[in-house]
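A short write-up of the structure that comes next.
Chains as they are written, first to last, in my numbering: chain A, 3 to 144; chain B, 59 to 169.
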């Protein structure tokens, strides 16, 4: 299954099949089309890639249940000094306020539960839609 | 993205992670390490010198592997983290869970 990225001067659109094996390719496709100078190469190569992989992985695992018939929508706004990425699934959403702190001593040895924590530290702003099935990641220059 | 496994002369398994360790490939890494554990290896170094990024699923696999290796009386060490990855381990407090060295050679010397 191939991915098709639609790119304009100030936006990108990508529908990703609900298959965890597609996450890496989807991330590379988006990251490689962020115009030079929008964000530093380091922020593109680490912060953007990691945060997008997290958001896509969560949407595919928990939002669309790895059902290959369903897709996760990625929409990107490209500003002169920011990149805003929306990742939206068609699932029931989740309560983002009920995610425990993975750094608490009795949580550190868990092999799950770090995704949202990692995202919050990698991007400048994180927002969710009301239903909890869409996340918006904003990375700014600087 | 690929994983390489090699064994040094003292029997330590060195796993190289090229590209990324994420939700889409974490099971492949896990299976390779568990196979080596099953075959009797007990000392492991995962070398991230050629790794671009790791997501939380990748971190989770490292935690899981560390537990399984310890249960068998073995040890897992991590090496070669770049500055961003090192920060990720510190933020998540996973730097308290793993023995981390600058290079794979230093990890081997510490066994």
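C-beta atoms are modelled at their ideal positions from N, C-alpha and C, and glycine is treated no differently. Small disclaimer: the values here were computed from a predicted structure and weren't measured.
So, with DSSP's three-state summary, where would you put residue 3 of chain A? Residue state, collapsed to three classes: coil.
At a CB-CB cut-off below 7 Å, which residues of chain A make contact with residue 151 of chain B? 105 and 110
Show which residues of chain B have a CB atom less than 7 Å away from the CB atom of residue 22 of chain A. 81 and 82
Could you tell me which uninterrupted alpha helix (DSSP H) segments, each at least 4 residues in length, are contained entirely in the segment 125 to 164 of chain B, listed from first to last along the chain? Counting whole runs of 4 or more residues, the segment 125 to 164 of chain B contains the alpha helix (DSSP H) stretches 141 to 149.
Does the beta-carbon distance from residue 84 of chain B to residue 121 of chain B come in below 8 Å? no
For the segment 20 to 35 of chain A and the segment 64 to 81 of chain A, state whether three or more C-beta atom pairs, one from each stretch, are separated by less than 8 Å. As far as the Cβ criterion goes, the segment 20 to 35 of chain A touches the segment 64 to 81 of chain A, which means the pair count is three or higher.
How should residue 24 of chain A be labelled, buried or exposed, when 16 other C-beta atoms within 10 angstroms of its C-beta is the threshold for buried? buried
Expressed to the nearest angstrom, what Euclidean distance is found between the alpha-carbon atoms of residue 50 of chain A and residue 145 of chain B? 15 Å
Return the residues of the segment 101 to 134 of chain B that lie within a Cβ-Cβ distance of less than 8 Å from chain A, sorted by chain order. 110, 111, 112, 113, 114, 115, 117, 118, 119, 121, 122 and 125
Assign residue 114 of chain B to buried or exposed, taking buried as 16 or more other Cβ atoms, counted over all protein chains shown, within 10 Å of its Cβ. Residue 114 of chain B counts as buried, since no fewer than 16 other beta carbons sit within 10 angstroms of its beta carbon.
Scan the segment 36 to 56 of chain A for residues whose Cβ lies nearer than 7 Å to a Cβ of chain B and list them as they occur along the chain. 47, 48, 51, 52, 55 and 56
Contact criterion: CB-CB distance below 8 Å. Does residue 119 of chain A meet it with respect to chain B? yes
Output the boundary residues of the alpha helix (DSSP H) element that contains residue 61 of chain B. Taken as a continuous stretch (DSSP letters only), residue 61 of chain B belongs to no alpha helix (DSSP H), being part of the beta strand (DSSP E) at 60 to 65.
So is residue 89 of chain B in contact with chain A if we call contact Cβ pairs under 8 Å? Closer than 8 Å to the CB of residue 89 of chain B there is not a single CB belonging to chain A.
Name the residue from A/88, A/95, A/121 and A/90 whose alpha carbon lies nearest to the alpha carbon of residue 103 of chain A. A/121
What is the residue span of the alpha helix (DSSP H) that residue 122 of chain A lies within? Residue 122 of chain A: member of the alpha helix (DSSP H) spanning 117 to 124, first to last residue.
Do the segment 100 to 117 of chain B and the segment 52 to 66 of chain A touch if we need at least three Cβ pairs shorter than 8 Å? yes
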